[in-house]
Every structure is written in structure tokens, then in C-alpha cells.
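This report concerns only the one structure given below.
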Amino acid sequence: MNYISLKNIDSLEKWVKQALKIKKKPLKNKKLGKNKTLGMLFFNPSLRTRLSTQKAALNLGMNVMVMNFTNEGWTLEFEDGAVMNQGASEHIKEAAEVVSQYCDIIAVRAFAGLVDKEKDNAETVLAGFLKHATVPIVNMEGCTGHPLQALADAITMAEHKTEHKPKVVLSWAPHPRALPQAVANSFVEMMLLQDADFVITHPEGYELNPEITKGATIEHDQNKAFENADFIYTKNWSNYIDYGKITNSDPSWTVTAEKMALTNNAKFMHCLPVRRNVIVADEVIDSENSIVIEQANNRTYAAQLVLQKILENAQEKTHYSS
Amino acid sequence: MNYISLKNIDSLEKWVKQALKIKKKPLKNKKLGKNKTLGMLFFNPSLRTRLSTQKAALNLGMNVMVMNFTNEGWTLEFEDGAVMNQGASEHIKEAAEVVSQYCDIIAVRAFAGLVDKEKDNAETVLAGFLKHATVPIVNMEGCTGHPLQALADAITMAEHKTEHKPKVVLSWAPHPRALPQAVANSFVEMMLLQDADFVITHPEGYELNPEITKGATIEHDQNKAFENADFIYTKNWSNYIDYGKITNSDPSWTVTAEKMALTNNAKFMHCLPVRRNVIVADEVIDSENSIVIEQANNRTYAAQLVLQKILENAQEKTHYSS
Amino acid sequence: MNYISLKNIDSLEKWVKQALKIKKKPLKNKKLGKNKTLGMLFFNPSLRTRLSTQKAALNLGMNVMVMNFTNEGWTLEFEDGAVMNQGASEHIKEAAEVVSQYCDIIAVRAFAGLVDKEKDNAETVLAGFLKHATVPIVNMEGCTGHPLQALADAITMAEHKTEHKPKVVLSWAPHPRALPQAVANSFVEMMLLQDADFVITHPEGYELNPEITKGATIEHDQNKAFENADFIYTKNWSNYIDYGKITNSDPSWTVTAEKMALTNNAKFMHCLPVRRNVIVADEVIDSENSIVIEQANNRTYAAQLVLQKILENAQEKTHYSS
Numbered sequence: 001m002n003y004i005s006l007k008n009i010d011s012l013e014k015w016v017k018q019a020l021k022i023k024k025k026p027l028k029n030k031k032l033g034k035n036k037t038l039g040m041l042f043f044n045p046s047l048r049t050r051l052s053t054q055k056a057a058l059n060l061g062m063n064v065m066v067m068n069f070t071n072e073g074w075t076l077e078f079e080d081g082a083v084m085n086q087g088a089s090e091h092i093k094e095a096a097e098v099v100s101q102y103c104d105i106i107a108v109r110a111f112a113g114l115v116d117k118e119k120d121n122a123e124t125v126l127a128g129f130l131k132h133a134t135v136p137i138v139n140m141e142g143c144t145g146h147p148l149q150a151l152a153d154a155i156t157m158a159e160h161k162t163e164h165k166p167k168v169v170l171s172w173a174p175h176p177r178a179l180p181q182a183v184a185n186s187f188v189e190m191m192l193l194q195d196a197d198f199v200i201t202h203p204e205g206y207e208l209n210p211e212i213t214k215g216a217t218i219e220h221d222q223n224k225a226f227e228n229a230d231f232i233y234t235k236n237w238s239n240y241i242d243y244g245k246i247t248n249s250d251p252s253w254t255v256t257a258e259k260m261a262l263t264n265n266a267k268f269m270h271c272l273p274v275r276r277n278v279i280v281a282d283e284v285i286d287s288e289n290s291i292v293i294e295q296a297n298n299r300t301y302a303a304q305l306v307l308q309k310i311l312e313n314a315q316e317k318t319h320y321s322s
Numbered sequence: 001m002n003y004i005s006l007k008n009i010d011s012l013e014k015w016v017k018q019a020l021k022i023k024k025k026p027l028k029n030k031k032l033g034k035n036k037t038l039g040m041l042f043f044n045p046s047l048r049t050r051l052s053t054q055k056a057a058l059n060l061g062m063n064v065m066v067m068n069f070t071n072e073g074w075t076l077e078f079e080d081g082a083v084m085n086q087g088a089s090e091h092i093k094e095a096a097e098v099v100s101q102y103c104d105i106i107a108v109r110a111f112a113g114l115v116d117k118e119k120d121n122a123e124t125v126l127a128g129f130l131k132h133a134t135v136p137i138v139n140m141e142g143c144t145g146h147p148l149q150a151l152a153d154a155i156t157m158a159e160h161k162t163e164h165k166p167k168v169v170l171s172w173a174p175h176p177r178a179l180p181q182a183v184a185n186s187f188v189e190m191m192l193l194q195d196a197d198f199v200i201t202h203p204e205g206y207e208l209n210p211e212i213t214k215g216a217t218i219e220h221d222q223n224k225a226f227e228n229a230d231f232i233y234t235k236n237w238s239n240y241i242d243y244g245k246i247t248n249s250d251p252s253w254t255v256t257a258e259k260m261a262l263t264n265n266a267k268f269m270h271c272l273p274v275r276r277n278v279i280v281a282d283e284v285i286d287s288e289n290s291i292v293i294e295q296a297n298n299r300t301y302a303a304q305l306v307l308q309k310i311l312e313n314a315q316e317k318t319h320y321s322s
Numbered sequence: 001m002n003y004i005s006l007k008n009i010d011s012l013e014k015w016v017k018q019a020l021k022i023k024k025k026p027l028k029n030k031k032l033g034k035n036k037t038l039g040m041l042f043f044n045p046s047l048r049t050r051l052s053t054q055k056a057a058l059n060l061g062m063n064v065m066v067m068n069f070t071n072e073g074w075t076l077e078f079e080d081g082a083v084m085n086q087g088a089s090e091h092i093k094e095a096a097e098v099v100s101q102y103c104d105i106i107a108v109r110a111f112a113g114l115v116d117k118e119k120d121n122a123e124t125v126l127a128g129f130l131k132h133a134t135v136p137i138v139n140m141e142g143c144t145g146h147p148l149q150a151l152a153d154a155i156t157m158a159e160h161k162t163e164h165k166p167k168v169v170l171s172w173a174p175h176p177r178a179l180p181q182a183v184a185n186s187f188v189e190m191m192l193l194q195d196a197d198f199v200i201t202h203p204e205g206y207e208l209n210p211e212i213t214k215g216a217t218i219e220h221d222q223n224k225a226f227e228n229a230d231f232i233y234t235k236n237w238s239n240y241i242d243y244g245k246i247t248n249s250d251p252s253w254t255v256t257a258e259k260m261a262l263t264n265n266a267k268f269m270h271c272l273p274v275r276r277n278v279i280v281a282d283e284v285i286d287s288e289n290s291i292v293i294e295q296a297n298n299r300t301y302a303a304q305l306v307l308q309k310i311l312e313n314a315q316e317k318t319h320y321s322s
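Chains as they are written, first to last, in UniProt numbering: chain U, 1 to 322; chain B, 1 to 322; chain D, 1 to 322.
Set out below in C-alpha cells:
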């Protein structure tokens with residue numbers, strides 16, 4: 001069992017319930033991970049993912065080995081058949097097979113480069129580990145998705161929803177740097193697994209990958225989208241069509257108190273880190289309706305659920321084979 | 001309970017005795033930290049602090065998560081109300097609140113920039129964590145103090161003092177690079193909590209922050225200061241008045257055997273790392289009277305005492321509330 | 001007891017047998033390392049060594065503290081009597097003595113600079129730790145040797161050999177960057193401890209240190225060397241005579257299927273990371289005869305044997321002295 005995308009979730013409703021149980025007694029399964037090792041490989045910076053995933057593993061009694069691949073290890077080659085007389089010192093084939101021998105689970109973070117759409121969509125790094133590793137792989141944010149974040153978001157929404165079928169809005173917001181679409185993609189995929197009135201709002205031209213948003217409502221008028229919303233999830237992403245470019249930085253898309261007033265007293269969500277007064281005004285993120293800190297807290301339980309499922313799955317296999 | 005400065009010590013004498021008890025049986029409280037997590041956040045390099053604090057936590061049975069914030073995480077914004085359209089990706093408010101959810105104690109190292117005196121005196125990073133974190137904060141060297149070092153120094157002096165009221169000299173020494181005043185400040189604050197004949201010696205113009213040295217004797221003649229001393233604590237600091245500048249590099253301030261001969265067979269102390277034959281001559285640091293290695297050893301027990309007090313304090317609170 | 005070079009092995013045959021026992025039950029000695037701490041200090045990048053040594057320590061129940069010395073700590077001075085008014089902030093004397101107080105074993109990786117042969121041969125960093133540390137030192141690859149790799153290689157060969165006295169060939173291969181001789185040196189030293197028909201093959205002028213290869217057969221015709229070989233161990237090294245230079249990059253030395261056909265169905269070995277289609281053709285490293293992944297796996301058990309021996313040795317000493 002791997003956890004690469006939302007597609008690896010058999011029942012989101014069930015997973016959310018299980019995660020909330022873990023949250024109540026996070027140390028209940030402290031023996032499950034005994035003598036098991038999680039390898040965390042970072043190709044990009046990380047705060048929440050780094051600490052919450054590590055904490056989740058510790059809660060399960062696992063050992064953790066953390067490695068910043070880029071400066072602590074070797075540059076990797078991902079192409080089959082490459083003549084490796086250039087920069088890369090090691091092929092993913094060896095790296096993944098070797099690390100699999102030291103770890104029971106490998107978690108990988110590798111952001112989009114935002115230069116070559118095809119390459120990013122191919123998820124070179126994650127796909128390489130997935131192909132060559134002999135142990136389960138967990139996605140700690142790839143080029144096109146951040147499924148641990150989306151799972152934490154689902155847990156957080158379950159804790160805060162009052163309506164059976166809430167109105168949930170994913171709203172683009174401006175940002176000074178070009179950011180990946182990963183968080184937005186996984187949030188969309190997660191929402192499409194739920195019974196909700198789900199609307200995506202962004203400036204024209206900022207459409208996400210249509211294969212991902214298929215079935216979602218898209219509304220270019222942010223104010224209209226916000227009407228009667230129960231949850232506002234804000235996130236910047238760079239242009240997917242004019243790939244990786246910033247073609248809009250319209251400050252009128254910043255989420256302000258005035259905009260939140262259009263909603264049904266909506267909760268405000270963001271995956272963090274967030275640029276204050278660019279993505280969202282202080283007055284909103286500091287308000288009682290902001291649940292961004294709780295979202296980050298739930299990262300631990302999302303990761304713990306995933307690790308627990310993988311460990312249980314491995315245990316079952318061992319049981320059947322013995 | 002936090003450990004930010006010497007002001008957090010209620011009785012230095014008591015603390016030193018407790019630390020010496022811990023040193024005798026460092027594993028006695030191995031259960032106290034069970035399932036508790038120390039987060040160590042570094043904004044600057046560290047050898048002794050990194051390893052000794054980690055070791056202290058391990059001795060208490062804690063989990064440790066170490067993070068080099070600068071290159072592994074996000075650049076932080078510390079100003080309230082900032083429009084974050086520049087370099088910083090995350091506000092200290094979110095960072096501190098979020099990390100508080102993964103850790104039971106947060107330890108932070110953030111050196112002085114030595115450019116803006118007011119900003120350094122405000123301890124931007126530490127103050128930010130202190131304000132926004134919801135768990136205890138430990139200072140692993142801030143801009144203006146290094147209280148774990150000073151506590152280790154007090155422990156080391158208690159082990160080596162023969163006089164009831166020893167003469168202790170803090171002596172400035174030259175250094176090729178501009179260094180913070182943090183270690184010197186905390187040493188002064190620590191000495192002022194003790195019954196000692198305490199003298200600070202430095203070239204004219206190298207006065208430390210007068211708010212810190214108030215009550216201490218200052219002597220600009222190094223030789224005179226050394227007379228009959230029982231402990232010589234050497235440390236460079238850059239100019240506090242002409243802030244962060246090196247306005248003196250007089251090699252005659254280097255601590256030599258000739259100077260040590262003026263003392264009452266004094267012990268030689270330094271916090272390390274030390275520039276040999278610049279701060280101190282080999283003949284002194286390599287002599288039997290040098291206790292710099294034991295100072296570094298006591299860093300573990302100083303940190304362990306602080307962590308233990310914080311854990312016990314948290315336990316008591318839980319006890320009262322249940 | 002230290003593990004610095006193959007010279008620290010009293011009986012390679014015995015060690016290999018012990019390592020293979022550990023491999024069968026890696027958690028059998030989980031209590032041996034309880035409350036013991038391994039400090040791993042890296043002056044260079046590392047993947048296999050970093051993770052396998054850490055894994056080995058965890059299998060023994062040890063605590064591990066990992067530190068990238070270059071960017072997380074201070075620049076070290078190694079020269080006795082140096083006036084430290086230049087780049088280095090700390091002398092190895094203090095660094096090694098201090099770290100010894102926090103760790104029960106110190107493991108060090110410090111590659112050859114490949115500029116100054118004499119300095120590299122002096123193993124400045126390792127020798128510094130060896131001289132000044134007060135706890136056992138493990139070599140995680142120095143300038144002139146990589147004895148943990150060679151031990152893993154011996155284990156792997158023992159698992160795969162069918163002949164009592166196999167023919168083993170160490171073959172140079174081209175590489176775009178100048179690499180140290182460390183792995184080759186230790187492999188040679190290891191082979192000379194065994195009863196084998198051992199041949200080194202490399203282009204003329206690429207002789208390794210003759211003090212190390214004394215007693216080994218050298219054959220400049222690679223094809224001839226490969227004839228009837230049972231094991232082909234490939235590795236690039238830069239020129240030892242014209243020190244640190246690349247004076248040959250002849251692609252005809254790449255190990256291909258055609259060359260392997262000359263052998264007695266030989267196993268293919270390499271320490272990794274390996275440049276595919278430069279050092280070795282895909283067809284060879286991807287063949288059934290390639291045992292490079294198993295070599296990397298055995299790094300864990302090589303490290304675990306070394307750590308176990310050091311811990312047992314320390315235990316005995318304590319026993320005798322009590």
C-alpha cells in the first residue's frame with residue numbers, strides 16, 4: 001500500500017472517522033511501529049510536513065531517519081538508459097532500492113519545478129521511487145498533489161461542519177512568487193469525494209488541470225462564489241495553462257473581512273505557510289473563524305492514519321504468508 | 001515556565017545543586033520525558049548546544065526533532081501587520097503556534113545580527129516564539145544572552161571553587177570577527193546572582209550594556225584585574241557602543257601564562273569554540289587549570305535541569321487540573 | 001577499540017561469520033546499545049553510510065545524533081600551535097574532546113580533498129578525532145579508506161562465493177569527476193586478508209598507493225584480468241601518481257556484457273553511487289549477476305558488527321574495572 005494521491009483512499013468518510021479516533025488517543029498504537037523505520041527524504045524545504053510526519057511516526061513508536069536529499073546526498077538521475085556523464089551521481093533505481101533496505105516506509109517530498117509541465121505532471125521523483133522502491137511510499141507533496149494536506153483538510157472540515165452538505169469554496173489569491181498547483185489539486189480531488197456544494201473561484205485563465213477539476217463548478221466572480229459559503233479555502237497557484245507563470249496578481253482577490261461578510265459565517269482555511277495581507281488580511285486569519293492552526297494540527301493525525309494503515313497492511317501480509 | 005534568561009532562575013544555588021545531582025545519575029529521570037517531544041530550532045550554527053541539549057533530552061527519555069530553520073524551513077516575518085509581499089514566506093505567529101502543536105517544549109537559537117542594536121535588544125526571534133507559542137520556550141542563545149551556557153558555567157565553578165567568596169574575572173580578549181555579547185551578558189547576570197568578588201575587564205570603549213553590568217566592578221587594566229583571581233573567564237565580544245564593530249584587536253589582551261601567573265592559581269574558563277593563540281595561548285588552555293572541557297560537559301546537565309523543571313512544572317499543572 | 005581501517009580486524013573470516021549471524025537476527029542485541037549514543041559527524045555527503053549506520057545503531061537500541069559538521073557546526077583547525085586568526089573557529093582538540101562527552105562512539109566521514117596528497121594521506125580529520133577524542137572512533141570513509149564498505153563487500157562475497165578460492169578482480173573504470181582512492185584502497189586491503197586469486201586492473205599510470213597494493217597482482221590488460229573471474233568489483237579512482245587528476249577517461253574500460261562474458265559467470269559489484277553507462281553498462285548492473293543492492297544492504301550489518309564489537313569491548317572494560 002502506498003499513499004500517493006487521494007485515489008489511494010477507499011472511503012474518505014471512514015478515513016476521517018479513523019483519524020479523529022487517533023486524534024483522541026494518539027499513543028494508543030505506540031507498539032505498532034516498534035522496530036519499524038520511516039525514512040523521510042526531502043528534495044524541498046518543509047516545516048509542517050517535516051515535523052508532523054515525524055511526530056506521527058513517533059506516536060506510532062517508529063524510528064525516523066530524516067534526510068535532506070539535495071545537500072546531504074547525491075544528485076539523482078531519473079531517465080532510463082541515461083549515460084551518466086553529467087551532473088547526476090546516482091540513478092533513482094539504485095537509490096530507491098537501497099533506501100528500501102534500510103526503511104520500512106519511505107516518505108518523499110519533491111516539488112514541481114514549474115518549468116516543464118510534462119515533466120512535473122510525470123511526477124519524476126515520486127514515480128521513480130514508486131517504480132523502484134520495494135517498500136511503501138508516502139507522498140509528502142509532489143509536483144501535482146499534496147494528499148497528506150488534503151486528508152488533514154478533510155479531518156478539519158469534518159470537525160467544523162454544521163451543515164450536512166456545506167458550501168465549500170476554493171479561492172485563488174495573489175502571491176508574489178510562482179507556486180505549484182499541488183495543494184489546490186489535492187483539495188479539489190478530496191472535495192470531489194465528498195457530498196458538498198463545491199465551487200472553485202479564480203481569475204479567468206487560472207484554470208487548474210481540467211482532468212482534476214472535472215465535475216467541479218468554476219466561478220470567475222469571487223464575490224458570487226463566496227455567497228453563503230460555509231468554508232473558504234484560500235490558496236495561490238501559478239498559471240497552469242501559461243505554465244508556471246504569474247499572469248495575475250490582482251490584490252482584489254485577497255480574502256478580506258468584507259469578502260468573508262458575504263459568506264454564511266464561513267470558516268477560513270489555508271494550508272500554510274501563508275503570506276499575510278497578500279493572500280488573506282490579518283483581520284480574517286486572526287478572526288475566530290480562522291481554523292488554519294487546527295488544520296496544521298491535523299497534519300499529525302492525517303500522517304499517523306496513513307502510516308498506521310501501511311503498517312497494519314504489512315502486518316496482515318506477514319500474517320497471511322506465515 | 002520558560003528558560004529565556006537568568007531571570008528565570010529562582011535560586012541559582014539550588015539549581016546548581018540540583019544539576020550536580022543530575023550529573024551523578026543522569027538517567028534517573030528517564031521516564032519523565034516519555035512521549036514528550038523537544039523541538040530544537042536553529043537559526044544559526046551550533047555544536048555544543050546542538051548535541052548537549054539533544055543528549056539532555058535523550059537522558060530524560062524525550063523524543064527530539066531537530067530543524068535548521070534557515071535552509072530546511074521557510075523565511076519568517078516577525079512584524080505585526082506586515083504586508084508579506086517580500087522575502088518572508090511565513091509569519092512567526094503561525095510558525096510558533098503550529099510548532100507548539102507538534103512539540104511539548106521548543107528550544108530556539110537565533111544570534112544577534114550585530115547591525116541593528118535596537119532589533120537585537122528586542123530579541124525578535126525569541127520574543128516572537130515567546131509571544132505566539134503555546135508551549136514553554138528554551139533559549140539556546142539569543143541576541144543578548146546564552147543562559148544555558150551561564151548555568152553550565154555556574155555548575156562548573158561550583159565544582160571547582162575552593163574559596164567561599166572567590167574572585168572571578170570576566171576578561172575581554174581580541175578576535176578577528178565581530179561576535180555577539182550574548183555569552184558575556186549571561187555570565188555577568190549569573191555572577192551577579194552569586195556571592196563573589198566579580199570584576200569585568202576590557203579595553204575602554206568596550207563596555208557591555210550598562211543595564212546588565214549595573215553593580216559589577218569594571219577594571220580597564222587587565223593585569224590589575226587578574227591579581228589574585230580564582231577564575232578567569234575569557235570571551236570576546238564586539239563593541240556594544242559602536243554597535244557590532246571591532247574597534248580594538250590589541251593582542252596584549254590575549255590570555256597568556258604570564259598573565260595567569262598574576263592570579264591565585266586561577267582556573268581558566270571559556271564557553272568554546274575558542275580561537276587558540278588569539279583569545280588564549282595554548283599554554284593556558286592546555287594547562288591543568290583549564291576547565292573548558294568540563295564546562296562543555298556541564299552543558300548537558302544544565303540543559304537537562306532546565307528540561308526537567310519544565311516537564312515537572314507541566315506535570316504539576318496537569319495534576320492540579322485533573 | 002576503534003574502526004579506522006582493515007587493520008582493526010583481527011580475523012576477517014570470524015567477522016564475516018559474525019556479521020552474517022547479525023543479518024539473520026538484527027534485533028537480537030537490541031539491549032546492548034540502550035542509553036548509549038552514537039554521534040555521526042559528516043564533513044561530506046552520504047546516503048548509504050548515513051542511513052545504514054544509523055539503522056545499525058537503531059537495531060542495537062542506541063540513540064543517534066547526526067550532524068553535518070560543515071554547515072551546522074564550526075570550521076575546524078587541525079594544526080597544533082596554530083594562531084587561529086583566519087577562517088577556522090574551533091580547534092579539533094576541543095571539538096573532539098567535547099563531542100566525546102556527549103557520545104559513546106563517534107563516527108566520522110571526511111573525504112580526500114585530492115589536492116594535497118600528503119595531507120590526504122595524513123587523514124587530517126580522522127587522525128584529529130583519533131588523537132583527541134576519548135571515545136571510540138568509526139571511519140565512515142576517510143581520505144584513504146572506507147573500511148565499512150570493504151567489510152560489507154567481504155560479507156557479500158562470502159554470501160555469493162561458490163569456489164573455495166575465487167578469482168576476484170578490482171577493475172578501474174572511467175568517471176567524469178575526480179574521485180578518491182578510498183574505496184579501492186580498502187577493497188584491496190580486505191582482499192589481501194583473504195585466500196583468493198586477486199587481480200587489480202587499471203590503465204598504466206593509474207597505480208594505487210604501492211604500500212597498499214603490495215602483494216597484489218596488477219594487470220593492465222582488462223580483458224585478460226577478467227578471464228575466469230568469479231567477482232568483478234568496479235570502481236573509478238583519480239590518478240594517485242599525478243595526484244587527484246583525471247589523466248584517462250577511456251570508455252573502453254566501461255564494464256559491458258561483452259567483458260562480463262570473459263568471466264566465469266562473475267558476480268558484478270560496485271559500492272554505489274554508480275554512474276550508469278559510464279562505469280558499467282545497464283545490461284550488466286541490471287543483470288541477475290549484479291549484487292550491488294545486496295552490497296548496500298550489508299552495509300547495515302557491517303556497521304552493526306563494528307558498533308556491537310565496540311559496545312561489547314566497552315562493557316568488558318567496565319566489567320574488569322568494577
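All C-beta atoms, glycine included, are put in the ideal place defined by N, C-alpha and C.
Helix, strand or coil, according to DSSP, for S290 of chain U in the structure here?
In the displayed model, S290 of chain U falls within a strand according to three-state DSSP.
Between which two residues does the beta strand (DSSP E) holding S11 of chain U run?
Run containing S11 of chain U: none; DSSP gives neither H nor E here.
Same chain, Cβ closer than 8 Å to R276 of chain U, five either side skipped, listed in chain order
Correct list, in chain order: D282 and I285.
What residues of chain B sit near M84 of chain D, judged by a beta carbon separation below 9 Å?
Those within 9 Å of M84 of chain D in chain B are P176, V274, R275, R276, N277, V278 and I279.
Is M65 of chain U close to chain D, meaning its C-beta is less than 8 Å from at least one C-beta of that chain?
Residue-level contact check: M65 of chain U touches chain D, since one or more beta carbons of chain D fall below 8 Å from its beta carbon.
Same chain, Cβ closer than 8 Å to T213 of chain U, neighbours up to 5 away in sequence not counted:
So the qualifying residues of the chain are V188, I200 and E207.
Comparing the C-beta of Y301 of chain D with each C-beta of chain B, is any distance below 8 Å?
Not an interface residue.
Nearest-angstrom Cα separation, counted from C103 of chain U out to L193 of chain D:
Between L193 of chain D and C103 of chain U, the C-alpha separation is close to 32 Å.
Does the segment 79 to 93 of chain U come within contact of the segment 53 to 64 of chain D, defined as at least 3 CB pairs closer than 8 Å?
Judged by Cβ distances under 8 Å, the segment 79 to 93 of chain U makes no contact with the segment 53 to 64 of chain D, as fewer than three pairs qualify.
Specify whether the segment 121 to 135 of chain U and the segment 159 to 171 of chain U touch according to this definition: at least 3 beta carbon pairs, one from each stretch, less than 8 Å apart.
Touching, no, given that fewer than three Cβ pairs across the two stretches are closer than 8 Å.
Determine whether the beta carbon atoms of T247 of chain U and K55 of chain U lie at a separation below 8 Å.
The answer is no: Cβ separation not under 8 Å.
With contact counted as at least three CB pairs below 8 Å, one residue from each stretch, are the segment 152 to 161 of chain U and the segment 10 to 25 of chain U in contact?
Yes: at least three Cβ pairs fall under 8 Å.
Please report how far the alpha carbon of K117 of chain U lies from the alpha carbon of A182 of chain U, in whole angstroms.
C-alpha separation (whole angstroms): 13 Å.
Could you tell me the boundaries of the beta strand (DSSP E) in which A107 of chain U lies?
A107 of chain U: member of the beta strand (DSSP E) spanning I105 to R109, first to last residue.
Answer yes or no: does any C-beta atom of chain U fall closer than 8 Å to that of Q54 of chain D?
Interface annotation, Q54 of chain D: in contact with chain U, CB-CB separation under 8 Å.
Taking 8 Å as the threshold (C-beta atoms), are G244 of chain D and A178 of chain D in contact?
With contacts defined as CB atoms closer than 8 Å, A178 of chain D and G244 of chain D qualify as a contacting pair.
Local conformation of I137 of chain U per DSSP, three classes:
DSSP, reduced to helix, strand and coil, places I137 of chain U within a strand of the structure shown.
Indicate whether at least one CB of chain U lies closer than 8 Å to the CB of A57 of chain B.
It does not: the Cβ of A57 of chain B has no partner Cβ on chain U nearer than 8 Å.
By the criterion of Cβ-Cβ separation under 9 Å, what are the contact partners of D153 of chain U in chain B?
Within chain B, no C-beta atom comes nearer than 9 Å to that of D153 of chain U; the closest sits roughly 15 Å away.
If contacts are defined as beta-carbon pairs under 8 Å, then Q222 of chain D and P26 of chain D qualify, I think. What distance do you get, rounded to the angstrom?
Under the criterion of beta carbons closer than 8 Å, Q222 of chain D and P26 of chain D do not qualify as touching, at roughly 38 Å.
Short CB-CB distance (under 8 Å) between D282 of chain U and chain B:
Yes, because at least one Cβ of chain B sits closer than 8 Å to the Cβ of D282 of chain U.
Closest Cα partner of K36 of chain U within the set U:I106, U:W15 and U:V16:
Checked all of U:I106, U:W15 and U:V16; the closest Cα to K36 of chain U is U:I106.
Could you spell out the range, first to last residue, of the alpha helix (DSSP H) harbouring I218 of chain D?
Careful: I218 of chain D lies outside any alpha helix (DSSP H), inside the beta strand (DSSP E) at T217 to E219.
Here's a check: name, in chain order, each residue in its chain whose Cβ is nearer than 8 Å to the Cβ of P174 of chain U, leaving out the five neighbours to either side.
Result list for P174 of chain U: N236, N248, S249, D250, P251, W253, T254, V278 and I279, in chain order.
Same chain, Cβ closer than 6 Å to H270 of chain D, neighbours up to 5 away in sequence not counted:
Excluding sequence neighbours, H270 of chain D sits near T234 and V292.
For K167 of chain U, the first and last residue of its enclosing beta strand (DSSP E)
Its beta strand (DSSP E) spans residues K167 to S171.
From B:V98, B:V99, B:A127 and B:T162, residue whose alpha carbon lies closest to that of A110 of chain B
When each option's Cα is compared against that of A110 of chain B, the closest is B:A127.
Kindly indicate which three-state DSSP category P67 of chain U falls into: helix, strand or coil?
Checking the displayed sequence, the identity of residue 67 of chain U turns out to be Met instead of Pro. Looking at M67 of chain U - three-state DSSP - the assignment turns out to be strand.
Within chain D, the residues that L27 of chain B reaches when beta carbons sit closer than 7 Å
N35, listed in chain order.
Which chain B residues sit within Cβ distance under 9 Å of R50 of chain U?
When 9 Å is used as the limit between beta carbons, R50 of chain U is near these residues of chain B: M65, M67, E72 and G73, in chain order.
CB contact flag (S186 of chain U, G215 of chain U, <8 Å)
Going by C-beta atoms, S186 of chain U is not nearer than 8 Å to G215 of chain U.
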